[in-house]
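Undergrad:
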Amino acid sequence: MPSMKLQQLIPTVDTNLQDISRNPLVLLQVTSFKCGGVCLGVGWHHTLADGTGALHFINSWATLARGLPITIPPLLDRTILRGRVAPKSIFHHVEYDPPPTINTDLTKNPKPQSLTNLKITLEQINSLKAKASDVGSETKYTTYEILTAHIWRSVSKARNYQNNDQKTKLRVPVDGRSRLNPPLQSTYFGNVIFEASPVALSCDLLSESFRCTAARIHREIKKMNDEYLISALDYLEELGDLSSIPRGSIISACPNLSIVSWMRLPIYKADFGWGAPLLMRPATMLEGRGYIHPNPANDGSFSLAICLETDHMESFRKLFYDF
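Here you go:
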């Protein structure tokens, strides 16, 4: 289970520096335990690269540590993701709009937070997929879409908003490598994460069918094609000053949610010569942010590491397993 104590295994840095260029891009910490185990803590700046790039770096490092050559070098051309010479965004990029806030006049004081790690089996995943199936429809929902729909609904219900018309925004990070035309190599080293951002009223989210919620997410992800992503790059180029774009804890905090997929990352291939890792978990968590990650057993199950306000966590745990 995630714990605040895990943060002791990750090197820290003052992230309040005004000059972002003074922040280190990578921090590494090796912790040895009395039992003989070893933990590699990695602090990674997303400006350097996304999760795909980070795992390519770590697994390449592990390959070198075993005395083997790197067979697939990274692609380092950062110019690929520039906006066009004459940038022109053609879509409303809701992903960069300020996130909804709580409608009620509740206190703004920080609230206690809790972390948990919940396993979901292949059988349970198939049960959720059956709920979203529609006879006669050709739409097939991915495991991520199914799980995220279930999480979004469960979190919204657990938060028990005072107003039924409370807006909630879901942040869905999307890897743009295969969505651009021409597609980027899987070994591109940089941040190619774009955001799909479905927005809903809590009353609609909780009254509609499970299939409708999955469809909301599916539509927003499907929208992330080459034309939309190029428009997003142009929008950022036109904006110039990116400080106006919300970032950090505000984008996932109540009433919003961010669900990150680590489902396809080669997490358990980082063999430094001692064999595959026994476990990998996120150590730094923000309220309203969750990570879906594979389990080391490789049995088709996944786990959700998530941080929520303590008052909401117990209800969420029960709802998560209520199919």
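According to the working numbering, the stretch in the sequence shown is residues 1 to 323, in order. All residues carry an ideal CB built from backbone N, CA and C; glycine is no exception. These numbers were taken from a predicted model, which means no experiment stands behind them.
Determine, using beta carbons only, whether L28 and V13 come nearer to each other than 8 Å.
TA: no
Undergrad: Looking only at its own chain, which residues have a Cβ that is under 8 Å from the Cβ of M1, when we skip the five neighbours before and after it?
TA: For M1, the predicted structure reports a pLDDT of 49, less than 50, and the residue's modelled location is therefore unreliable. A value from the coordinates is still provided. For M1, where only same-chain residues beyond five positions count, the Cβ hits under 8 Å are L115, T116 and N117.
Undergrad: How should E314 be labelled, buried or exposed, when 16 other C-beta atoms within 10 angstroms of its C-beta is the threshold for buried?
TA: exposed
Undergrad: Taking the alpha carbon of A200 as the point to measure from, which residue in R153, S243, P110 and P24 has its own alpha carbon closest?
TA: The shortest C-alpha separation from A200 is found at R153.
Undergrad: Excluding sequence positions up to five away, which residues of its chain have a Cβ less than 6 Å from the Cβ of I58?
TA: A270
Undergrad: Provide the residue span of the beta strand (DSSP E) that contains E195, from first to last.
TA: I193 to A196
Undergrad: Looking only at C-alpha atoms, which of I70, G300, T148 and A158 sits nearest to A196?
TA: T148
Undergrad: Assuming D164 contacts A49 (C-beta within less than 8 Å), just tell me the rounded distance between them.
TA: Residue identity differs from the one stated: residue 164 is Asn in this sequence, not Asp. The pair is not a contact, with the Cβ atoms about 41 Å apart (cut-off 8 Å).
Undergrad: Would you call the stretch 236 to 244 and the stretch 265 to 282 touching, i.e. three or more CB-CB distances under 8 Å?
TA: no
Undergrad: Provide the residue span of the beta strand (DSSP E) that contains L115, from first to last.
TA: Q113 to I120
Undergrad: Run through the stretch 221 to 307 for me and flag every whole alpha helix (DSSP H) of 4 or more residues, listed as ranges in chain order.
TA: 226 to 239
Undergrad: Tell me the residue span of the beta strand (DSSP E) that contains G43.
TA: First-last of the beta strand (DSSP E) with G43: V38 to W44.
Undergrad: In this structure, how does DSSP classify S137 when only helix, strand and coil are distinguished?
TA: coil
Undergrad: I think D134 touches R216, with their Cβ atoms under 8 Å apart; what is that distance to the nearest whole Å?
TA: About 14 Å; that fails the 8 Å criterion.
Undergrad: Check whether the Cβ atoms of K129 and I146 sit closer than 8 Å, and answer yes or no.
TA: yes
Undergrad: With distances taken between CB atoms, is the gap from D226 to L184 smaller than 8 Å?
TA: For D226 and L184, no; Cβs fall outside 8 Å.
Undergrad: State buried or exposed for K222, treating a residue as buried only when at least 16 other CB atoms are found within 10 Å of its CB.
TA: exposed
Undergrad: With a Cβ-Cβ cutoff of 8 Å, do F302 and M263 count as a contact?
TA: yes
Undergrad: If you follow the beta strand (DSSP E) that K34 is in, where does it begin and where does it stop?
TA: That residue, K34, is in no beta strand (DSSP E); it is neither H nor E in DSSP.
Undergrad: Roughly how many angstroms separate the alpha carbons of L308 and V85, rounded to a whole number?
TA: Those two C-alpha atoms are separated by around 43 Å.
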